[in-house]
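Accompanying notes for the structure given below.
Residue numbers (the numbering used here), protein chains in the order written: chain A, 2 to 374; chain B, 100 to 428.
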């Protein structure tokens, strides 16, 4: 059995750790690229969303490296992603790839069925070993989230942006290599020290933007045209509404672990604007926006793949949130046609707008001080 | 003075109007329907709605806007979450009351209630009685109205599945059926709010009738057949209306008297992007002709006619001169 798992940002690091620990051969698909996207676009339904197209691209490229089994997460709707496993199996079968598909979900609600699937994916290793492997992989997921957030902090402050990117790349490689809990802890500490030691540039405190939206486009730099890096370089500290460990914890382990920046309260925060959940992360997008606004963030960017149903609901309601909490919000759709230059222009314009509003506010305050208002 | 409730003639109206109509009328509530979709309603909807949402949702905005000036006490925007065990409706419908009220300011009060029959079909009575209580009716009246409403809905679905034409089942007039006697039989798959909305679907059914085609719609397939066809899926589909479309598609593929299928969808429809692809794959394997028509606000009538004519010419050739070879090669 040579198992593969689709890419979504850094999720490959914990997934690889899981299978390495279980001593099962894991084929990491080549990282998302124009090639994977073009393969996926060619073979997926035209109206499917970007994540599915990239999934298909990943699987075809993994098959060429010898993968024969796919591990996917499932869902019971109403977001389309819940059906992607099965739809993708049909597409790949028609293309002549005979993958074995394991969907990590309780089939028809049966927990015994889920246990059987886990056992099968783990190649019948004993449960004690599986649990240890999951523990270890989850630690890596939390560590990854912590490192990503330190990078969010460092990007707008560093004098040489390249140093941050190099540090980030090194951290990814080292986290992948870390073989035990202790080296994971040491790595996180080490990254923190390096981030603090970076040479800083002079200038005002970075403006803060919260990124909310659909999980795949939020976590995957290839599909969101690397907005976090661009924003960082433009002097913005970002935070996002979803971190991978939080999502794994909430959806796979039902909140058993302690994740990084948990977001259980987002649904509650969204209630005044959207009373019912709408599948995917639609309600969390609203909740995340409310939270960022309350924390004093300067702006919000919503990311979503074109035709994403839950996020369209959120996008239609966000103008109300923007007005009532007085926070600028920009919605950024991505698909296979998105271009980096166009996106960059929009980001620059959005930041100009925020900085200008901020400096006007400052002027008013200064005037009040001068004229004793 | 009785209560006046405005019902927009779009989206779920095409699925559940008999239920709502009989329920409200039994309570003595006056119903004000928006007029059938027209150019002004359509254009107004496109202006008001979120750019990236799907066509029927955009059109729906136009209907709500029309009701705004009709002096109604409430606008009825139910949140239909699930109408069948283990399924959901589209996410866009789950967030409907909030989406519409954000898009159209200064609406009359919105009358809404959650219908969630995912776990238990008895929730239907629960939802309807909440609805009745919001309007200030007593238990006895509500109970009577629920019975009438549910009865009307069951009868509507029974009529459709027994082959009755949609408009007649909805107690209206049938669509025009002039032209030649049908030479072909085509299954037309799609959501009811596209298929039966004459303006939005550019009168697709009438056009097909005029071209000498007998049209079979998903609503006319018996529920048992749909359920039977869907058993081949390793994973159950979780959208109720799409289940009917997919099951009907599978059923019509196996029906030798059906010459081909047309899937009519709109740009941005999430469930259709999955279901349409599955039907197309099945068609290819069985050698059944298949055409997908995607509608959006830019769709032109001339282009649609050309595609329909070309498809029908091809089907006629297949029947008359060729040995029924698949168009897919």
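For each residue, glycine too, the CB sits at the ideal point set by N, CA and C.
Quick caveat: nothing in here was measured; it's all calculated off a predicted structure.
Query	Result
I need the straight-line Cα distance from residue 130 of chain B to residue 269 of chain B, nearest angstrom please.	15 Å
Restricting to Cα atoms, I'd like to know which of A/89, A/53, A/7 and A/11 is closest to residue 244 of chain A.	A/11
Kindly give me the distance between the Cβ atoms of residue 52 of chain A and residue 373 of chain B, rounded to whole angstroms, as I take these residues to be in contact under 8 Å.	In fact, because the Cβ distance is near 13 Å, the residues do not count as touching under 8 Å.
So does the segment 256-269 of chain A actually touch the segment 281-293 of chain A, counting three or more Cβ pairs closer than 8 Å?	yes
Between residue 283 of chain B and the rest of its own chain, which residues show a CB-CB distance below 6 Å, the 5 nearest in sequence each way excluded?	312, 358 and 414
Going along the segment 329-354 of chain B in order, which residues come within less than 9 Å of chain A, judged by CB to CB distance?	332, 333, 334, 335, 336, 337 and 338
Consider the Cβ of residue 190 of chain B: report whether some Cβ of chain A lies at a distance smaller than 7 Å.	yes
As an exercise, report each continuous alpha helix (DSSP H) stretch of at least 4 residues that is fully enclosed by the segment 109-136 of chain A, in chain order.	112-122
If you run the structure through DSSP and keep just helix, strand and coil, what is residue 334 of chain B?	coil
Just checking, does the segment 170-184 of chain B make contact with the segment 201-209 of chain B on the three C-beta pairs under 8 Å criterion?	yes
Is it true that the segment 230-245 of chain A meets the segment 205-219 of chain A, where meeting means three or more beta-carbon pairs spaced less than 8 Å apart?	yes
Would a C-beta distance cut-off of 7 Å place residue 132 of chain A and residue 123 of chain A closer than the cut-off?	no
I want to verify the contact list: residues of chain E whose CB lies under 7 Å from the CB of residue 307 of chain A, in sequence order.	Among the protein chains in the structure shown, which are A and B, there is no chain E.
Answer yes or no: does any C-beta atom of chain B fall closer than 7 Å to that of residue 368 of chain A?	no
Taking Cβ-Cβ distances below 7 Å as the criterion, which residues of the segment 34-67 of chain A are in contact with chain B?	46, 48 and 49
Work out the CA separation of residue 2 of chain A and residue 26 of chain A for me, nearest whole Å.	7 Å
If you measure from the beta carbon of residue 428 of chain B to each beta carbon in chain A, is any gap under 7 Å?	Reliability of the predicted coordinates at residue 428 of chain B is poor, the pLDDT of 45 falling under 50, and no value is obtained from them.
Measure the C-alpha to C-alpha separation of residue 136 of chain B and residue 161 of chain A and round it to an integer number of angstroms.	59 Å
Between the C-alpha atoms of residue 148 of chain A and residue 182 of chain A, what's the straight-line distance to the nearest angstrom?	15 Å
In terms of residues, what are the limits of the beta strand (DSSP E) holding residue 215 of chain B?	213-215
Would you check if the segment 251-258 of chain B and the segment 180-197 of chain B touch, i.e. whether three or more CB-CB distances between them fall below 8 Å?	no
How about residue 201 of chain B and residue 321 of chain A: do their beta carbons lie closer than 7 Å?	yes
Report, in whole angstroms, the separation of the C-beta atoms of residue 314 of chain B and residue 267 of chain B, which I expect to be a contact under 8 Å.	Their Cβ separation, rounded to whole angstroms, is 14 Å, which puts residue 314 of chain B and residue 267 of chain B out of contact at 8 Å.
Can you tell me which of B/405, B/287 and B/406 puts its alpha carbon nearest to the alpha carbon of residue 361 of chain B?	B/287
Is the shortest distance between the beta-carbon of residue 376 of chain B and the beta-carbons of chain A less than 7 Å?	yes
For residue 154 of chain B, which of B/368, B/262, B/228 and B/321 has the nearest alpha-carbon?	B/368
Tell me whether residue 159 of chain A sits in a helix, a strand or coil according to DSSP, three-state version.	strand
For residue 380 of chain B, return the contacting residues in chain A, with the cut-off set at a CB-CB distance below 7 Å.	91 and 95
Tell me whether residue 296 of chain B is buried or exposed, calling it buried when 16 or more other Cβ atoms sit within 10 Å of its Cβ.	buried
What is the rounded straight-line gap between the Cα of residue 236 of chain B and the Cα of residue 8 of chain A?	55 Å
Residues of chain B with CB closer than 8 Å to the CB of residue 277 of chain A, please, in chain order.	178, 180, 193, 194 and 213
Taking 7 Å as the CB-CB limit, is residue 107 of chain A close to chain B?	no
Quick check: is the beta carbon of residue 288 of chain A nearer than 7 Å to any beta carbon in chain B?	no
Should residue 326 of chain B be labelled buried (16 or more other beta-carbon atoms within 10 Å of its own) or exposed?	exposed
Could you tell me the distance, in whole angstroms, from the CA atom of residue 108 of chain B to the CA atom of residue 211 of chain B?	16 Å
Given a cut-off of 7 Å, decide if residue 306 of chain A and residue 281 of chain A are closer than it, judged by their beta-carbon atoms.	no
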